[in-house]
Every structure is written in structure tokens, then in C-alpha cells.
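Q:
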Amino acid sequence: MDILIYLGIGIVILVAILIWRFIKRRTLFYRAKKEGTVADARPTLEEKKEWKEREEEQPCFKISPLRSPPSRKERKKRKKGKRRENLSSFSISVGQAAARRKTPPPHELTASESVRFRAFWPCKMFPDAWQSLFVYIFSGEEGHRGVQSDFRRRKTAPADSYDFSSSSACQDIRRGTEILVCPELEGARFNPPFAKVIWLEDWHCVEFRMQAERPLNADRGRVAFYVGPVLIGEMIYYETADALSLSGVLEATT
1 MDILIYLGIG IVILVAILIW RFIKRRTLFY RAKKEGTVAD ARPTLEEKKE
51 WKEREEEQPC FKISPLRSPP SRKERKKRKK GKRRENLSSF SISVGQAAAR
101 RKTPPPHELT ASESVRFRAF WPCKMFPDAW QSLFVYIFSG EEGHRGVQSD
151 FRRRKTAPAD SYDFSSSSAC QDIRRGTEIL VCPELEGARF NPPFAKVIWL
201 EDWHCVEFRM QAERPLNADR GRVAFYVGPV LIGEMIYYET ADALSLSGVL
251 EATT
């Protein structure tokens, strides 16, 4: 009982304090209003017109009514729909991945074509001198014209001081195939000793630097072309022994 009495007294005191604070604020407000320090809180007609114009200019947004929570049936339907969407998107992604695996790279889509080889070399080799051997891989008329123009640009001596030979691949080659080019000549060394070319353009050039050793007793040289371990073509150069004779070497040194 004592606790209830104390609690009631506390509530009464709290209510009295709130009423006193409210009365005090109202008296202060009316006093300031009489003195003119506080403007009238009621809007005038002009202010009401301005407010209406502003409301008409600003877009009006309608608040949608509150929706009731979905029932169990609606929740089950939504879950089934989401599962179907997930399964359909998963099947599409799997199908796209399978299609990507099945589609070959771009160079495999192109058909095989006949490939030709051509080599240019100086007519005479001098001992201990580095000279150039130009090996070309090409196809078609555009490739042939590209080979001729590129050789005219690369040669460092008159055209009549060079000899050339040509051959064709024993099988058609697809674009994108890697071709290994290996020059061979007994008594000479090459830099680089071999080169790899990816058959992509109409023509490709490989420049080998070769140096003849003394004496050079080779009858002829050979350039071999491989696709993997398979020999697909070869060219013979320095076929005659006169160009490689020791007498020619001696004439060059004297």
C-alpha cells in the first residue's frame, strides 16, 4: 500500500510540473506576441495562395495503401516461379558453355590452302662472313607480290647477286598452324638455327644469318619445313658445287 501511495504522489507531481511548464511557455509566447517579437502563427491569404501554387507546381506522389502479407499459397507460387527461373538461367548458361567448347578457334574455321616456299641467298659465300638467307612462306597472288616487294626491300646487294629456289608443301595447311623452318648446310652455321612461324597471313619471312667455315665441302644445302614431327616440304639451295668451291673462296680472300 505504501508503494502505491508513493507512486500516486509521484505521478501527481509529474503532471503538475508538465502543466506548469506548459502554462509558462504559453505566457511567454503571448507576452512576446504583444511586444511584436513573434510573428503571428496563422497564415495570411497571400501565404495560402503561395502554398497552393507551390503544391500545383511540385509533382504529387500518391502513397500506395498498405498491402496485407502474402498467404502461404502465394508464397509457394513465388518460390516455384523463382526455382523455374533459376533452372532456366542455369540451363542457358550450361548450353552456352557447351556451345563455346564445341566451336573451334577462328583459325580452325578456315579451310586448308596450298602453301609455297621460296628462298633467296647470295650466289657466293665468303669465309668468316655473315650473309643472309631469306626464307618465305606464302600463298596466292597477294602472297607472291608481298614476297617480291619484301625481298627488294631487304636485299643489300644487286638482285643478280642472289639466287633463289621454290617448292610447294606436300599437303594443304590450315591458317594458325605452326611451321618449323630448319636450314641445313654442311660446313656452315646459322643464327638462329631454326625458326617457328604461325601461318596466319598471306606471307611470312624468316631471315637466317649464315656463316661459312673453311673449307666448305658441301654440294648443296636444304631448308626443311615441319608441322610437328611431319616433314611437309623442303627446298634445295646451293645445288651446284661451283658456287661453294674452294677456288671461289680463295678468289674472294685474295
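Be aware that the sequence shown starts at 1, since it is given in full-length UniProt numbering, and climbs by one per residue. Beta carbons: idealized from backbone N, C-alpha and C, even for Gly.
So, Gln171 versus Ile232, is the Cβ gap smaller than 7 Å?
A: Yes, Cβ-Cβ distance for Gln171 and Ile232 is below 7 Å.
Q: If we cut at 7 Å on Cβ distances, does Leu133 have a partner in chain B?
A: The structure shown has no chain B; it contains just one protein chain.
Q: Please report how far the alpha carbon of Gly10 lies from the alpha carbon of Ile3, in whole angstroms.
A: C-alpha separation (whole angstroms): 11 Å.
Q: Roughly how many angstroms separate the alpha carbons of Leu28 and Pro70, rounded to a whole number?
A: In a straight line, the C-alpha of Leu28 is about 54 Å away from that of Pro70.
Q: Hey, out of Ser168, Gly8, Glu56, Glu213, whose CA is closest to residue 300's CA?
A: With the chain running from 1 to 254 in the structure shown, residue 300 is simply not present.
Q: For Ser139, which residues in the same chain have their Cβ closer than 8 Å to its Cβ, ignoring the five residues on either side in sequence?
A: Within the same chain, Ser139 has close Cβ partners Glu113, Ser114, Val115, Arg116, Asp202, Trp203.
Q: Do Arg220 and Ser166 have their C-beta atoms closer together than 7 Å?
A: No; because the gap between Cβ atoms is not below 7 Å, this pair is not in contact.
Q: In angstroms, rounded to a whole number, what distance separates the CA positions of Thr74 and Glu55?
A: The sequence given here places Glu at residue 74; Thr does not occur at that position. So the alpha carbons of these two residues sit roughly 40 Å apart.
Q: Going by alpha carbons, who is nearest to Val181 out of Thr156, Pro229, Trp130?
A: Out of Thr156, Pro229, Trp130, Pro229 has the C-alpha closest to the C-alpha of Val181.
Q: How is Gly146 classed by DSSP in three states: helix, strand or coil?
A: Helix.
Q: Which of the three DSSP states is assigned to Val15 in this structure?
A: Residue state, collapsed to three classes: helix.
Q: Could you check the C-alpha separation between Gln131 and Trp121 for me, to the nearest Å?
A: Approximately 8 Å, taken between the alpha carbons.
Q: Once DSSP output is grouped into helix, strand and coil, what is the label at Lys82?
A: Three-state DSSP puts Lys82 in a helix.
Q: If you compare alpha carbons, which of Asn191, Trp199, Glu234, Tyr238 is closest to Phe164?
A: Ranking Asn191, Trp199, Glu234, Tyr238 by Cα distance to Phe164 puts Tyr238 first.
Q: Of the residues Phe225, Arg154, Arg189, which one's Cα is nearest the Cα of Phe134?
A: Ranking Phe225, Arg154, Arg189 by Cα distance to Phe134 puts Arg154 first.
Q: Kindly identify the DSSP beta-bridge partner or partners of Phe138.
A: BP columns for Phe138 point to Arg116, Trp203.
Q: Of all the options Gln211, Glu178, Val227, Lys49, which has the alpha carbon lying nearest to the alpha carbon of Phe190?
A: Checked all of Gln211, Glu178, Val227, Lys49; the closest Cα to Phe190 is Gln211.
Q: Arg209 to Phe194, Cα distance in whole Å?
A: So the two alpha carbons sit approximately 11 Å from each other.
Q: From Leu18 to Gly8, what does the alpha carbon distance come to, in whole angstroms?
A: About 16 Å.
Q: Would you call Phe22 buried or exposed, if buried means 16 or more other Cβ atoms sit within 10 Å of its Cβ?
A: Phe22 comes out exposed.
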